[in-house]
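Letter by letter, the sequence shown follows residues 25 to 266 in our numbering. Reviewing the structure listed below.
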Amino acid sequence: MPRPSRACSCYLVRSREASILFDLGSGAFSNLREAFDYTDLDAIVISHMHADHFLDLIPLRYALKYGPLVREGRLTVYLPPGGADVLRQICAAFPPEGAGNFLDEVFNLHEYDMRQPIEINDLRLTFTRTVHYIDAYAVRAECQTSSLVYSSDTAPCESVVNLAKNAELFLCECTLGLSEEESPRGHTSSREAGRMAKQAEVGRLVLTHYGSDYAPGELEDYAEQEFRGPTAVADDGMELSI
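This is the structure we're talking about:
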């Protein structure tokens, strides 16, 4: 759940030629409007179909259709396998707008295959499946020699470590904070996030997807028990350069 005065998952990734979102969770669209003209987005990539990672696609839809800013052409949204059906089922609950082309008149929906990279202008995206309660996918963005990896939601797993190998920036979830989780697993503690960062030999770790049970400094200290590189805790509006 979002912390007070904060939104759920959303990361604006910008290169010289591309501007994309990783996820668009509840409350994130208003934050995006503070930072960027949403009509200039090149694409949105949704990591998995839990509401805290995609629900603000719906207010974005209304903005693209009725808002004061005009976009030329539809906005491409990359969903995980099966994600289009989930999104359409939710939007079908909005009669009469939920029928017909509610989504398709403003979005160009695609379901990605984790085995196939996606090229968006000068950005190259690659994926791997994570360990979560539903199918979820971590994503790596590369532009020339620069790279970042977003873990999505995951328990510690080798596939995410491999995807993050030598990345300059690793955005890793730490939902569990300082606590632990019994089986079945689907999330990571801040110490486990530090361990994955250490195993992947990343340049910088940024902890994200955490609640209000622990202070950011506690999360950072716990991660640094494993990872000796630069570590920070994400917050709304934070800007990072690589």
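Even for Gly, the Cβ is constructed at its ideal location relative to N, Cα and C. Just so it is clear, the structure is predicted and the values come from calculations on it, not from any experiment.
Practice task
Compare the beta carbon distance of I142 and L149 with 7 Å and say whether it is the shorter of the two.
Solution key: In contact: I142 and L149 (Cβ atoms closer than 7 Å).
Exercise for the section: Spell out a yes or no on whether the segment 181-195 and the segment 85-99 are touching, meaning 3 or more CB-CB pairs, one atom from each, closer than 8 Å. Expected result: Between the segment 181-195 and the segment 85-99, the count of Cβ pairs shorter than 8 Å is below three; the stretches do not touch.
Exercise for the section: Ignore the nearest five residues each way along the sequence and tell me which others in V185's own chain have a CB closer than 8 Å to its CB. Expected result: Non-local beta-carbon contacts of V185 in its own chain, meaning distances under 8 Å to residues more than five positions away in sequence, involve M220, Q223, A224 in chain order.
Problem - Buried or exposed (CB count within 10 angstroms, at least 16 for buried), R252 - result: Exposed is the call here.
Practice task
Report the option in A179, A162, G241, C181 whose CA atom is closest to the CA atom of L172.
Solution key: The residue with the shortest Cα to Cα distance from L172 is A162.
Practice task
Give the single residue among P28, D137, L111 whose Cα lies nearest to the Cα of L127.
Solution key: Closest option to L127, Cα to Cα, is L111.
Practice task
Provide the residue(s) that pair with L111 in DSSP beta bridges, ordered along the chain.
Solution key: DSSP, once it has assigned bridges, lists no residue as partnering L111.
Exercise for the section: Identify which residue in H77, F46, P119 has its Cα closest to the Cα of I144. Expected result: That would be F46, whose Cα lies nearest to the Cα of I144.
Practice task
Mind the definition here: the segment 190-210 touches the segment 230-241 only if three or more C-beta pairs lie below 8 Å; say whether that holds.
Solution key: Between the segment 190-210 and the segment 230-241 there are three or more inter-stretch CB-CB distances shorter than 8 Å, so the stretches are counted as touching.
Handout entry: E216, buried or exposed, once every other Cβ within 10 Å from all chains shown has been counted against 16
Key = E216 sits buried, since 16 or more C-beta atoms from the chains shown fall within 10 Å of its C-beta.
Exercise for the section: Out of V226, P240, L147, S214, point me to the one whose CA is closest to D177's CA. Expected result: Closest in alpha carbon position to D177, among V226, P240, L147, S214, is S214.
Problem - Inter-residue spacing [alpha-carbon to alpha-carbon] between G241 and D259 - result: So the alpha carbons of these two residues sit roughly 12 Å apart.
Exercise for the section: For S29, count neighbouring Cβ atoms within 10 angstroms of its own Cβ and tell me buried if that reaches 16, exposed if not. Expected result: Exposed.
Handout entry: Selected residue, minimal CA-CA separation from Y174, among V69, Q249, C115
Key = Taking only the C-alpha atoms, the option nearest Y174 is V69.
Practice task
Compare the beta carbon distance of A31 and N55 with 7 Å and say whether it is the shorter of the two.
Solution key: Taking 7 Å as the cut-off, the Cβ atoms of A31 and N55 count as close.
Practice task
Would you mind working out which of V130, F78, F118 sits nearest G91, comparing C-alpha positions?
Solution key: Looking at the Cα atoms, V130 is the closest of the given residues.
Problem - Run of the beta strand (DSSP E) containing L172, from where it starts to where it stops - result: Where L172 is concerned, the enclosing beta strand (DSSP E) stretches over 170-174.
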